[in-house]
Each structure stands twice: as structure tokens, then as C-alpha cells.
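> Have a look at the structure that comes next, please.
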Amino acid sequence: MKKIGFLGCGKIGKALLNYVIAIDDARVAFIQDPLFPAEEASCPVIRQTDSQFYRKADLIVECATADVLKANISTILDSCDLLMFSVTAFSDESFERQVLELCKRHGRHIYLPHGAILGLDGLCDARPLLREVRVTTTKNPKSLGLSDGKRTVVYEGPTRGACQKFPRNVNVHATVALAGIGFAKTFSRIISDPMVATNSHLIEAIGDGVQFSIQVESTAGEGVTGAFTPVSACASLDRVLEKKRAYLFV
Ligand SMILES: NC(=O)c1ccc[n+]([C@@H]2O[C@H](COP(=O)([O-])OP(=O)(O)OC[C@H]3O[C@@H](n4cnc5c(N)ncnc54)[C@H](O)[C@@H]3O)[C@@H](O)[C@H]2O)c1
8 MKKIGFLGCG KIGKALLNYV IAIDDARVAF IQDPLFPAEE ASCPVIRQTD
58 SQFYRKADLI VECATADVLK ANISTILDSC DLLMFSVTAF SDESFERQVL
108 ELCKRHGRHI YLPHGAILGL DGLCDARPLL REVRVTTTKN PKSLGLSDGK
158 RTVVYEGPTR GACQKFPRNV NVHATVALAG IGFAKTFSRI ISDPMVATNS
208 HLIEAIGDGV QFSIQVESTA GEGVTGAFTP VSACASLDRV LEKKRAYLFV
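Each position in the sequence shown, counted from 1, maps to that position plus 7 in my numbering.
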């Protein structure tokens, strides 16, 4: 039975925590979160990194922020594998190099959930053929921490710059860049629109002999995470745990 540690337990973390509590294939080793109410947990809750807890886990599920992921990466990969949601951290080239070196040194794996991006496997498979990948996201200004009164293009350019400008809001762009042709070649467009109540993403990929587009829309709700991500996160965890379903989509 896999022992799972949670680094950050807000909207996505709580959905995964409740899921792990309900299944038989895993148990919660600890929760690290400065704000999680300890009285609501039936496992240790820690407020700061303590490597003793990490050493007892088989998998860390990170659902905090890119900065928190960066600050804890050595402790995590020193101890176990990682399923992480703050993908914008990878727009920092020196962080990506550090991660690759740590994985090689300790023989670890990092799992990249698709989040809201249907078809990420196809994008990854098409990588050798791809010439152009564009991601256009439209969100309400509140979801971007902005206060625009009318539809405004707030960023256009390489995905690396989008991640640096909106580290909490463009994990979709970071995930597409990592799966596809990288942070320098992927093109990001971010639109702030006070008339929308959804997070919508259009991914367009063009390559030698192949062309496709993916359109995803989910209700925004409170915070930075749309309605689809917490649900898809549980299915991603299933795949990491190799939980057997009757049908396997590969
Ligand atoms: N990969 C994707 O597709 C995708 C989609 C949506 C959101 N995200 C990202 O996933 C992460 C979590 O999203 P969320 O909606 O659950 O956010 P959230 O704000 O609801 O939860 C974040 C949690 O992290 C905790 N935290 C803050 N500092 C911490 C620290 N030093 N140590 C441990 N915990 C700490 C907070 O107390 C909070 O409970 C964010 O980085 C978000 O941008 C990724």
C-alpha cells in the first residue's frame, strides 16, 4: 500500500486527500500546510518541512505553489517520487536542470497530471513532428488577480514569460510546453474578460503531416483552479497508483 504525503492541501489537495481516504490502495502519510486545520485530519499535520516525514512516504503530491515546490524539491526527490501540480516552476531553466539531475541521482519519477488538458498524451507523442504550438486562455480578471473592466489581451509571447507573469494561473500553458516543444517555442496568449465565468483554453498544434486543436472549458468558481482539475487529478492519481480499472486507455 502506497504512503502519500501532501505538500499543500487547498482546493486540489483536499479533493485528492478525500479520494485517498476513500480508496484501499493508498494511505495518507502526512499533510504539510501552514493553514490546514489539524483537528480535521487523521494523520500528522506539519507546518514546515521535516525530512523525517518525507522519508516515510512513497509519493509526494504537491498542490501548493511553484515557489513552495522549488523550495522543497531536494527533500522530496531525496526521499520519493512526485506528482506535482505547480508546473509553472519548470519555466525556470535552472530549476528544470536541478530536477533532472536529482531524478537521475536518486532514480526518481515525476508524474505530470494533465489537469484540464485532454489529449496531452497525443501532444507528447506528436513532439518529434511539431513545429508550432499555441495556447490561448480566456479567464475572468478575478481568476487572474486583475481588475480589467473590458476584454483585454494581458499577455502574448513565449510561454516562459507567461509563467513568470502569472505563476499561479497558467499551469495549463506550462504543462503543454513541457509535454510539447518547450517554454521558448510554445506561444501563449492570455485574455482577461469580465464577461466570462469559465476558464477556457484553446491549444493549437501544427506539425509535419499533423494538425490538431483542443478546446476545454470549465467553470471557474473561487480561486485559481477550475471545476475539472480536482476531478481529473483523482484519475491521474489512480494511474500513478496503477489502480486497475476494467478498461485501460493507453
Ligand atoms: N497542473 C494544473 O493543471 C493545475 C490546475 C490548477 C491549479 N494548479 C496549481 O496547483 C496548485 C494548487 O492549486 P489549488 O487550487 O489547490 O490552490 P489553493 O490555493 O486552494 O491551495 C494551496 C495550498 O497550499 C498551501 N500552502 C501555502 N504555502 C505553503 C507551504 N509553504 N507549504 C505547504 N503548503 C503551503 C496553502 O495553505 C493552501 O492550502 C497551485 O500552484 C495552482 O496554481 C495546477
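C-beta atoms are modelled at their ideal positions from N, C-alpha and C, and glycine is treated no differently.
Short check: CB of L248 to CB of A73, under 8 angstroms?
Within the sequence shown, numbered from 1, the residue matching residue 248 stands at position 241. Within the sequence shown, numbered from 1, the residue matching residue 73 stands at position 66. No, they are not a contact pair.
> Using a Cβ-Cβ cut-off of 7 angstroms (strictly less than) and excluding sequence neighbours within five positions of K63, which residues of its own chain qualify?
Locating residue 63 in the sequence shown gives position 56, counting from the first residue. Excluding positions up to five away in sequence, the list reads K10 and A36.
> Would you mind reading off the limits of the beta strand (DSSP E) that contains A36?
Against the sequence shown, residue 36 aligns to sequence position 29. It spans A33 to Q39 - the beta strand (DSSP E) in which A36 sits, taken as one unbroken run.
> Which value, in whole angstroms, describes the spacing of the CA atoms of D88 and G156?
Reading the sequence shown from its first residue, position 81 is the one you call residue 88. Reading the sequence shown from its first residue, position 149 is the one you call residue 156. Their backbone Cα atoms lie some 44 angstroms apart in a straight line.
> Regarding Q222 and ligand 1, is the C-beta to nearest heavy atom distance less than 7 angstroms?
The residue you call residue 222 lines up with position 215 of the sequence shown. Checking every heavy atom of ligand 1 against the Cβ of Q222, none is found closer than 7 angstroms.
> Please report whether the beta-carbon of G114 lies at a distance below 8 angstroms from any beta-carbon of chain D.
Within the model displayed, chain D is absent; a lone protein chain is all it includes.
> Quick check on I30: does DSSP put it in helix, strand or coil?
One-based indexing of the sequence shown puts residue 30 at position 23. I30: coil per DSSP, three-state reduction.
> Pull up the distance between the alpha-carbon of G187 and that of E229, whole angstroms please.
Within the sequence shown, residue 187 is the residue found at index 180, counting from 1. Within the sequence shown, residue 229 is the residue found at index 222, counting from 1. Looking at the two C-alpha atoms, the distance is approximately 30 angstroms.
> Could you tell me whether any non-hydrogen atom of ligand 3 is closer than 7 angstroms to the CB of T236?
Summarising the ligand content, the structure contains ligand 1 and does not contain ligand 3.
> Go ahead and pull the three-state DSSP assignment for V177.
Sequence index remark: in the sequence shown, residue 177 carries index 170 (1-based). V177: coil per DSSP, three-state reduction.
> Cβ of G12 within 8 angstroms of Cβ of Q39?
Against the sequence shown, residue 12 aligns to sequence position 5. Against the sequence shown, residue 39 aligns to sequence position 32. Yes. Within cutoff.
> For P237, I'd like the list of residues in its chain whose CB is within less than 7 angstroms of its CB, leaving aside the five on either flank, ordered along the chain.
Looking up residue 237 in the sequence shown gives position 230. K18, I19 and A22, listed in sequence order.
> Any heavy atom of ligand 1 closer than 7 angstroms to the Cβ of G126?
Stepping through the sequence shown from its first residue, residue 126 is reached at position 119. No, Cβ of G126 sits at least 7 angstroms from all heavy atoms of ligand 1.
> Is the beta carbon of I213 within less than 7 angstroms of some heavy atom of ligand 1?
For the purposes of this step, residue 213 is taken as the residue at position 206 of the sequence shown. Outside the cutoff, so no.
> By how many angstroms is the C-alpha of F219 removed from the C-alpha of I213?
Numbered from 1 along the sequence shown, position 206 holds the residue referred to as residue 213. Numbered from 1 along the sequence shown, position 212 holds the residue referred to as residue 219. Distance between the alpha carbons of I213 and F219: 7 angstroms.
> So does G230 have its beta carbon nearer than 7 angstroms to some heavy atom of ligand 1?
Locating residue 230 in the sequence shown gives position 223, counting from the first residue. Within the cutoff, so yes.
> When you compare only the Cα positions, how much space is there between T144 and C70?
Here the question's residue 144 lines up with position 137 in the sequence shown. Here the question's residue 70 lines up with position 63 in the sequence shown. Their backbone Cα atoms lie some 21 angstroms apart in a straight line.
> Shorter than 7 angstroms, the distance from the beta carbon of R175 to the closest heavy atom of ligand 1, or not?
Here residue 175 refers to the residue found at position 168 of the sequence shown. Correct: R175 has its Cβ closer than 7 angstroms to ligand 1.
> Among G216, V75 and V177, which has the Cα closest to the Cα of P41?
Along the sequence shown, one-based indexing puts residue 41 at 34. The shortest Cα separation from P41 among G216, V75 and V177 belongs to V75.
> Using CA atoms only, rank isn't needed, just tell me which of E139, A123, E108 and M202 is closest to A242.
The residue you call residue 242 lines up with position 235 of the sequence shown. The candidate whose alpha carbon is nearest that of A242 is A123.
> Based on the DSSP secondary-structure assignment, which residues constitute the bridge partners of M91?
Taking the first residue of the sequence shown as 1, we reach residue 91 at position 84. Answer is E69.
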